[in-house]
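*Asks:* So in the numbering used here, the last one in the sequence shown is 275, and the numbering has no gaps at all.
Note that beta-carbon positions come from the ideal geometry of N, C-alpha and C, so glycine has one too.
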Amino acid sequence: VQLVESGGGLVQAGGYLRLSCSASGIIFNIFAMGWYRQAPGKQRELVAVITSGGSTNYADSVKGRFTISRDNAKNTVYLQMNSLSLEDTAVYYCNANIDTGVRAIRYWGQGTLVTVSS
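Rendered as structure tokens:
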């Protein structure tokens, strides 16, 4: 199983970006999917998570600005990021809990860099 992220890049403060993460491989079911981020010199933190049923949870710092969604038919999770600020600069990682038919395993993407400039 692989998670491949896309959509990162350089954006000015106040701008927006949309991240995508697609899972491929032997997949029986995908449970929760989420986005984490790690800023320079900081620990990785949860940004947003969405269950297979569509329930969502967000870090307080992104509530009202970021929206997580998923397309179960495409095994893809998205993160719409609006009103970006300098503090949102980080490497963003996709995470998914995937049933491969043997057991559920938590997979990580390779990360995509989001840089917000002033």
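(1) How about G165 and T269: are their beta carbons less than 8 Å apart?
(2) How big is the Cα-Cα spacing for I255 and T224?
(3) Rounded to a whole number of angstroms, what is the C-alpha to C-alpha distance between F185 and D228?
(4) Nearer than 7 Å: is that true of the beta carbon of R260 relative to any heavy atom of the ligand GTP?
(5) Among the candidates A230, D217, S179, S274, whose CA atom is the shortest distance from the CA of W265?
(6) Taking the alpha carbon of Q169 as the reference point, which residue from S226, L243, R194 has its own alpha carbon closest?
*Replies:* The structure says:
(1) Indexing the sequence shown from 1 puts residue 165 at position 8. Indexing the sequence shown from 1 puts residue 269 at position 112. Going by C-beta atoms, G165 is nearer than 8 Å to T269.
(2) Along the sequence shown, one-based indexing puts residue 255 at 98. Along the sequence shown, one-based indexing puts residue 224 at 67. Straight-line measurement puts the Cα of T224 at about 22 Å from the Cα of I255.
(3) Numbered from 1 along the sequence shown, position 28 holds the residue referred to as residue 185. Numbered from 1 along the sequence shown, position 71 holds the residue referred to as residue 228. Their backbone Cα atoms lie some 15 Å apart in a straight line.
(4) Ligands displayed in this structure: none; no statement on the ligand GTP is therefore possible.
(5) By one-based count along the sequence shown, residue 265 stands at place 108. Relative to the Cα of W265, the nearest Cα in the group A230, D217, S179, S274 belongs to S179.
(6) For this step, residue 169 is matched to residue 12 along the sequence shown. The shortest C-alpha separation from Q169 is found at L243.
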